[in-house]
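Asks:
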Amino acid sequence: MGRTTTLPAVNRFARTNRAVHPDRAWVRILRLALGLAALAGVARNFYRAANGMVESTLIESMSQFTNISNLLFGVVLIVGGLRARARLPLWWDDLRGAAAFYMVMTGLIYAILVAEPGALARWDLEWSNILLHRITPVLGVVGWLVITQTRRASWGRPLAWLVYPLLYLVYTWVRGGIVGWYPYGFLDPTGSGGWGSVIATTAQVFVAFLAVAVVLHVLGLLRVRLASRPAVRARGE
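Counting with our numbering, you get residues 4 to 240 for the letters of the sequence shown.
In structure tokens, the structure reads:
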């Protein structure tokens, strides 16, 4: 009768997780490149606003969700590209998820509520517009799904992600009431629909924010589960 031997434990997912680990050189390089590109796009928008090349003033440009979110996204990418994962705090993946979430919502809000008819099919727009409304939102969620993460967060994470959008909403309405300017038409209570229309639209947007946050949280948990799969032992005779 043959002797049964146990081969060394092999994690069938280990190779993939190592290939897309945050500390891999190519991952860090891509993060740095995308982070610098996002910051360059935001800087371009600020430059255009400061020099009267667009209708918005510099302060107004700095008050737009797109620019603030891409600024955060770019900083998170650059820090993650420069520092090893072990040297970053445990909650860093939660911050990565927040940045990815804000990118997704930037893309969705632009596509559904902000973009002019036919704009999504055009590629002859200002490059910063294309970068910050289309490219960073897509690559943000791709990075969240692909890059290895091993921290399993609680269900409070998607609620924590909503703190910034809520603070942004309060800031927009308070500042708008003082200076009479709102960054997006659907947040402007001086329009034809008044506060009723604004509240109704904002409620729908908030529900969308919550739903997308939960989806991204769940996808993050699945990515953690994939990275933490137990080793598979092979037996032979």
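From the three backbone atoms N, C-alpha and C, an ideal C-beta is built for every residue, glycine too.
Over the uninterrupted alpha helix (DSSP H) stretch that includes Met56, give me the two end residues.
Replies: By 1-based counting over the sequence shown, the position of residue 56 is 53. No alpha helix (DSSP H) holds Met56; DSSP gives it neither H nor E.
Asks: Short of 7 Å in beta carbon distance, which residues of its chain neighbour Phe209, apart from the five on each side in sequence? Order them along the chain.
Replies: In the sequence shown, the residue the question calls residue 209 occupies position 206. For Phe209, where only same-chain residues beyond five positions count, there are no Cβ hits under 7 Å.
Asks: Please classify Thr193: is it buried, with 16 or more other beta-carbons within 10 angstroms of its beta-carbon, or exposed?
Replies: Position 190 of the sequence shown, counted from the first residue, corresponds to residue 193. With fewer than 16 Cβ atoms within 10 Å of its Cβ, Thr193 is classed as exposed.
Asks: Taking only the alpha-carbon atoms, compute the straight-line gap between Tyr187 and Leu225 and give it to the nearest angstrom.
Replies: As a first step, residue 187 must be located in the sequence shown, where it is residue number 184. As a first step, residue 225 must be located in the sequence shown, where it is residue number 222. Near 35 Å, if we compare the C-alpha coordinates of Leu225 and Tyr187.
Asks: Would you check if the distance between the CB atom of Pro168 and the CB atom of Phe104 is smaller than 7 Å?
Replies: Looking up residue 168 in the sequence shown gives position 165. Looking up residue 104 in the sequence shown gives position 101. No, these two residues do not count as a Cβ contact at 7 Å.
Asks: Can you give me the start and stop residues for the alpha helix (DSSP H) that Thr139 sits inside?
Replies: Along the sequence shown, read from residue 1 onward, the residue named residue 139 stands at position 136. Thr139 to Val149 is the extent of the alpha helix (DSSP H) around Thr139.
Asks: Please report the distance separating the alpha-carbon of Val23 from that of Ala203.
Replies: Your numbering for residue 23 matches position 20 in the sequence shown. Your numbering for residue 203 matches position 200 in the sequence shown. Answer to the nearest angstrom: the Cα atoms are 42 Å apart.
Asks: If you count every other CB in all the chains shown that lies within 10 Å of the CB of Ser72, and 16 or more means buried, which is it?
Replies: Position 69 of the sequence shown, counted from the first residue, corresponds to residue 72. With 16 or more Cβ atoms within 10 Å of its Cβ, Ser72 is classed as buried.
Asks: With a 10 Å radius around its C-beta and 16 neighbouring C-beta atoms as the bar for buried, classify Asp97 as buried or exposed.
Replies: One-based indexing of the sequence shown puts residue 97 at position 94. Burial call: buried.
Asks: For Glu63, which three-state DSSP category applies?
Replies: The residue you call residue 63 lines up with position 60 of the sequence shown. In this structure, Glu63 counts as helix in the three-state DSSP scheme.
Asks: How close, in whole Å, do the beta carbons of Leu80 and Arg34 come, if the pair is a contact with beta carbons under 8 Å?
Replies: What you label residue 80 is simply residue 77 of the sequence shown in a count that begins at 1. What you label residue 34 is simply residue 31 of the sequence shown in a count that begins at 1. Right, their Cβ atoms sit about 5 Å apart.
Asks: Might you give, ordered along the chain, the residues of its own chain that have their beta carbon closer than 7 Å to the beta carbon of Val142, omitting 5 neighbours on each side?
Replies: As a working mapping, residue 142 is identified with position 139 in the sequence shown. In the sequence on display, residue 142 carries Leu and not Val. So the list reads Leu37, once near-sequence residues are dropped.
Asks: Can you give me the start and stop residues for the alpha helix (DSSP H) that Arg154 sits inside?
Replies: Here residue 154 refers to the residue found at position 151 when the sequence shown is read from its first residue. Looking at the DSSP string, Arg154 is not in any alpha helix (DSSP H), and its letter there is neither H nor E.
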